[in-house]
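Visitor:
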Amino acid sequence: MFAGIDHVGIAVTDGDAGVATYTRLIGRGPVHRERVDRDGVEAVMFEAGDSFIELLIPTRGDSAISRFLATRGDGLHHIAYRVDDVQAVLDEQRAAGARLLDTCPRSGANRRMVAFMHPSAAMGVLTELCMSAVETGPTPESR
Ligand code: CO
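Read left to right, the sequence shown gives residues -6 to 136 (the working numbering).
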């Protein structure tokens, strides 16, 4: 059910420095920028082959990403796997005893439906499941 790595999220305190660094590293500027006000974050996406790098830049001091940066500093924040059906994977993982942070998909950056699993479910790595918002997964009739 895991179709690949959609993106790797990297927390960055200084957005300009992060964008400059990844533009140099990947050799091309960002393909998408989006503020997700609900999460207090700006997501800046760089394309690297079939996957993306998602820089996460805080837009306010009380956001989860700000708290992460305050304790851990810049660096790897999460890995996002592309799946066909986020809800089905959540249900399956919960049944297997994994700790979830979201019990159903919600809208994320870059027109994705996303859900997060607690780092304890993946050996200390915050794990995101995502699917394109236009592909809402199999319809009940096709299951
Ligand atoms: Co993400």
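Positions of the beta carbon are idealized from the N, C-alpha and C atoms, including for glycine.
Going by DSSP, what residue range makes up the beta strand (DSSP E) through D(-1)?
Guide: Working through the sequence shown from its first residue, we reach residue -1 at position 6. Start and end: -5 to 4.
Visitor: Given Y15, which residues of its chain have a CB within under 7 Å of its CB, disregarding the five upstream and five downstream residues?
Guide: Here residue 15 is taken as the residue at index 22 of the sequence shown, counted from 1. Excluding residues within five positions, the ones whose Cβ falls inside 7 Å are F39, I46, L48.
Visitor: Any chance the CB of E35 is under 8 Å from a heavy atom of the ligand CO?
Guide: As a position in the sequence shown, residue 35 is number 42, starting the count at 1. Not under cutoff, so the answer is no.
Visitor: In whole angstroms, give me the CA-to-CA distance for A73 and I(-2).
Guide: In the sequence shown, residue 73 corresponds to position 80, counting from 1. In the sequence shown, residue -2 corresponds to position 5, counting from 1. Going from the Cα of A73 to the Cα of I(-2) covers about 6 Å.
Visitor: If the criterion is Cβ atoms closer than 9 Å, does the pair D32 and A13 meet it?
Guide: Translated into the one-based positions of the sequence shown, residue 32 becomes position 39. Translated into the one-based positions of the sequence shown, residue 13 becomes position 20. No, the pair does not count as a contact, with Cβ atoms beyond the cut-off.
Visitor: If you compare alpha carbons, which of H70, G101, Q80 is closest to E29?
Guide: Counted from its first residue, the sequence shown places residue 29 at position 36. Per the sequence shown, residue 29 should be read as Val rather than Glu. Looking at the Cα atoms, G101 is the closest of the given residues.
Visitor: Count the other CB atoms within 10 Å of the CB of D9; is the residue buried (16 or more) or exposed (fewer)?
Guide: Locating residue 9 in the sequence shown gives position 16, counting from the first residue. Looking at its Cβ environment, which holds fewer than 16 other Cβ atoms inside 10 Å, D9 is exposed.
Visitor: Please name the residue, chosen from R17, F109, V79, that lies closest to L93 on a Cα-to-Cα basis.
Guide: Taking the sequence shown and counting its residues from 1, the one referred to as residue 93 is at position 100. Ranking R17, F109, V79 by Cα distance to L93 puts F109 first.
Visitor: From the DSSP secondary-structure annotation, give me the bridge partner or partners of E51.
Guide: By one-based count along the sequence shown, residue 51 stands at place 58. Sequence check: residue 51 is Pro here, not Glu. Answer is V34.
Visitor: Specify the secondary structure class of L93 as computed by DSSP and reduced to three states.
Guide: Locating residue 93 in the sequence shown gives position 100, counting from the first residue. Three-state result, L93: strand.
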